[in-house]
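*Asks:*
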Amino acid sequence: MEGSRATDSRILEYPKLRNLEFFPVREDETQSVGLRDPQGISKEILFLPPNVFYLIQFLDGQHTRNQIAGEYLKRFGELLLPNWVDKFLAELDEKLFLEGDRFDTTQKALAEAYRKETVRPAAHAGKSYDADPEKLDAQLEEYFKSKEGPGNARSEHAGQRIKAIVAPHVELSMAGPIYAWAYKEIREADTPDVFVILGAARGIIETLFACTEKDFVTPLGTVHVDREFLRLLRQHGGQVFFEEEIVHQNDHAVEFQTLFLQHSLGKKKPFTIVPILCSFSHLHFSHPDLVGQGQRISEFIAAFRKTVEAYDKQVCFIASGDLSHIGMRYGDPRPPTDFQFNKTMQADLAMLKLAEKGDADALLQFIQREDDARRTGIFPALYTMLNLLSVPNGQVLRYDRATVDQYNSTVTYCAMAYY
């Protein structure tokens, strides 16, 4: 096959896998591992038996295809023919799962096409939520009214100025009522003029933050970005953070929040958003290979503080992300036990106590001490938000968890509000 021969000459010698998501699958007695692209650049899913998945760890750009076959021989005592290895790598490349020319060309073309778009269309309508406006409104309202939701009782902070909320970004079907707890505070607060949505990105962002100037279209209408705010951010040194807006195309961290803003506020008061995706870890503050790139974090925070100071309207921050990720779907060798659930909850709540106090440095130190053992997804968004809030006074409103697969892999999340 000509495409495979082209692949051979480009990437087969030292193949390197992109940053993919892995998830275990069991059908009857057959087990496999699924691979997919969290950025959505590739729409493909590939299922591998456990013995073939073993090879994935060696697709690091440091092993030749012969060395990869050698690792398989050492582990399983079976020889992989070079032709089989070449076909396997070619399939990964064709699915855009490997770094290389094919992926770079596709990504560049998609980024250029997205750059020409005037709006950011809804990427998850009809999949994660109803595409019909009336049904979607009813779906969202049901989260408020459900027994797990906040109900009709007024918030103790009703009418006050709200500075920030924390909301999940896991699927609405799992955490809808917890979203509602956060957005009830916005619904009943003194409504801000602009919502800065800091979403924990699913993919890698080289500049660690990605802003976009595209309005967000949902079945409920168009949510406009605040172009004056973004102009000021560029002016105060934030130009570099607009280079990777393509990551917004398929990520749901901002999209889900816009739905709840539209539903909660309706025509109560016009508002705009500032959509930002964040992607960094505790290692960007200490690992020798990452601290240079990590300087972007302080650069972004400094530019953003200047922007908020120069902006003459009321701002509310939204940190969009989930807490812990435990189980085989997220890299653990076995399903979580009751002991692990309890230990995770205790660690989550201890961390959230620091977040309530608005202590960004203590939050970072907490994650560093445990070496992010819980895989705290919201960390980049929450750390950034806490650095931008002035005199924060936070409160955890609700905490919950959801099982995401047949192996009891679990994600935890919460709703918080700051006044």
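Position one of the sequence shown corresponds to residue 3 (this note's numbering), numbered consecutively onward. We treat Cβ as the ideally placed atom computed from N, Cα and C, and that holds for glycine.
Helix, strand or coil, according to DSSP, for residue 251 in the structure here?
*Replies:* Reduced to three states, the DSSP call for residue 251 is coil.
*Asks:* Report the CB separation of residue 249 from residue 202 in whole angstroms; it is logged as a contact under 8 Å.
*Replies:* Rounded, the Cβ-Cβ distance is 12 Å, inconsistent with contact.
*Asks:* Taking C-alpha atoms, which residue in 374, 317 and 337 lies nearest to residue 163?
*Replies:* Looking at the Cα atoms, 317 is the closest of the given residues.
*Asks:* Taking 8 Å as the threshold, find out whether the region 258-276 comes into contact with the region 211-227 through three or more Cβ pairs.
*Replies:* Taking 8 Å as the limit for Cβ pairs, the verdict is that the region 211-227 does touch the region 258-276.
*Asks:* If we ignore side chains and look at the alpha-carbon of each, how far apart do residue 255 and residue 41 end up?
*Replies:* Their backbone Cα atoms lie some 12 Å apart in a straight line.
*Asks:* Just reading off the beta strand (DSSP E) that residue 418 is part of, what are its end residues?
*Replies:* Residue 418 -> beta strand (DSSP E) spans 412-420.
*Asks:* CA-CA distance, residue 63 and residue 148?
*Replies:* Each residue's alpha carbon lies about 50 Å from the other.
*Asks:* So for residue 218, helix, strand or coil by DSSP?
*Replies:* Note: residue 218 maps to strand in three-state DSSP.
*Asks:* I believe residue 383 touches residue 321 by the beta-carbon criterion, under 8 Å. Please report the beta-carbon distance rounded to the nearest angstrom.
*Replies:* Residue 383 to residue 321, Cβ: 4 Å. Contact.
*Asks:* Determine the burial state of residue 446: buried for a count of at least 16 other Cβ atoms within 10 Å of its Cβ, exposed for fewer.
*Replies:* With the chain represented from 3 up to 421, any question about residue 446 goes unanswered, as that position is not in the structure.
*Asks:* Just the Cα atoms here: how many angstroms apart are residue 313 and residue 391?
*Replies:* So the alpha carbons of these two residues sit roughly 15 Å apart.
*Asks:* Short check: CB of residue 2 to CB of residue 185, under 7 Å?
*Replies:* Outside the displayed range of the chain (3 to 421) lies residue 2, so it cannot be described from this structure.
*Asks:* I'd like to know if the region 371-378 and the region 324-337 are in contact, where contact means that at least 3 CB-CB pairs between them fall below 8 Å.
*Replies:* Short answer: they touch.
*Asks:* Less than 8 Å between C-beta atoms, sequence neighbours within five positions excluded: which residues of the same chain meet that for residue 15?
*Replies:* Closer than 8 Å at the Cβ level, and outside the excluded window around residue 15, lie 66 and 67.
*Asks:* Can you tell me the Cα-Cα spacing of residue 12 and residue 45, whole angstroms?
*Replies:* Confidence is the limiting factor: at residue 12 the pLDDT is only 49, short of 50, which leaves the residue's position unreliable, though a coordinate-based value still follows. Computed Cα separation, rounded: 22 Å.
*Asks:* For my contact list, residue 100 and residue 20 are in at a C-beta cut-off of 8 Å; report their separation, rounded to the angstrom.
*Replies:* Right, the Cβ-Cβ distance comes to about 7 Å (below 8 Å), so this counts as a contact.
*Asks:* In whole angstroms, what separates the C-alpha of residue 404 from that of residue 181?
*Replies:* Approximately 13 Å between the Cα atoms of the pair.
*Asks:* In or out: residue 47 buried (at least 16 other Cβ within 10 Å) or exposed?
*Replies:* Residue 47 comes out exposed.
*Asks:* Assuming residue 340 and residue 221 are in contact, meaning their beta carbons sit under 8 Å apart, how far apart are those beta carbons, in whole angstroms?
*Replies:* Between residue 221 and residue 340 the Cβ distance is about 40 Å, and since that is not below 8 Å, they are no contact.
*Asks:* Please list, in chain order, all residues of the same chain as residue 23 whose beta carbon is under 6 Å from its beta carbon, the five residues on each side excluded.
*Replies:* If we look at residue 23 and ignore the five residues flanking it on each side, its Cβ neighbours are 38 and 40.
*Asks:* Along the beta strand (DSSP E) that carries residue 23, what are the first and last residues, could you check?
*Replies:* Looking at the DSSP string, the run of the beta strand (DSSP E) that includes residue 23 is 23-29.
*Asks:* Less than 6 Å between C-beta atoms, sequence neighbours within five positions excluded: which residues of the same chain meet that for residue 4?
*Replies:* Summary for residue 4: the model assigns pLDDT 41, below 50, so the residue's position carries little reliability, and this model does not support an answer.
*Asks:* Taking the C-alpha atoms as reference points, what is the distance between residue 425 and residue 399?
*Replies:* Residue 425 cannot be examined here, being either before or after the span of the chain that is shown, 3 to 421.
*Asks:* Assign residue 181 to one of three DSSP states: helix, strand, or coil.
*Replies:* Three-state result, residue 181: helix.
*Asks:* Nearest-angstrom Cα distance between residue 109 and residue 251?
*Replies:* Distance between the alpha carbons of residue 109 and residue 251 is about 12 Å.
*Asks:* My output table needs one value for residue 312: the three-state DSSP class, helix, strand or coil.
*Replies:* Helix, per DSSP.
*Asks:* Below 8 Å, can you find three or more Cβ-Cβ pairs linking the region 154-162 to the region 191-210?
*Replies:* A contact exists between the region 154-162 and the region 191-210.
*Asks:* CB residue 305 to CB residue 239, shorter than 7 Å?
*Replies:* Closer than 7 Å, so yes.
*Asks:* Label residue 360 either buried or exposed according to how many other C-beta atoms from any shown protein chain fall within 10 Å of its C-beta, with 16 as the threshold for buried.
*Replies:* Buried: at least 16 other Cβ atoms inside 10 Å.
*Asks:* Decide yes or no for the touch test of the region 404-414 against the region 165-180: beta carbon pairs closer than 8 Å, at least 3 of them.
*Replies:* Yes, the region 404-414 is in contact with the region 165-180.
*Asks:* From residue 130 to residue 157, what does the alpha carbon distance come to, in whole angstroms?
*Replies:* Approximately 28 Å, taken between the alpha carbons.
*Asks:* Among the residues of its own chain, which have a CB less than 7 Å from the CB of residue 132, if the five just before and after it don't count?
*Replies:* Excluding positions up to five away in sequence, the list reads 138 and 141.
*Asks:* Return yes when the Cβ of residue 410 is within less than 7 Å of the Cβ of residue 337, no when it is not.
*Replies:* Yes, the Cβ-Cβ distance between residue 337 and residue 410 is below 7 Å.
*Asks:* Considering only residues of the same chain and omitting the five flanking positions on each side of residue 18, which have a CB-CB separation below 7 Å?
*Replies:* For residue 18, where only same-chain residues beyond five positions count, the Cβ hits under 7 Å are 61, 62, 63, 100 and 101.
*Asks:* My parser needs the alpha helix (DSSP H) runs of 4 or more residues fully inside the region 25-96; what are they?
*Replies:* Fully enclosed alpha helix (DSSP H) runs of 4 or longer: 52-55, 67-78 and 84-96.
*Asks:* Answer with buried or exposed for residue 350, where buried requires no fewer than 16 other C-beta atoms within 10 angstroms of its C-beta.
*Replies:* Residue 350 comes out buried.
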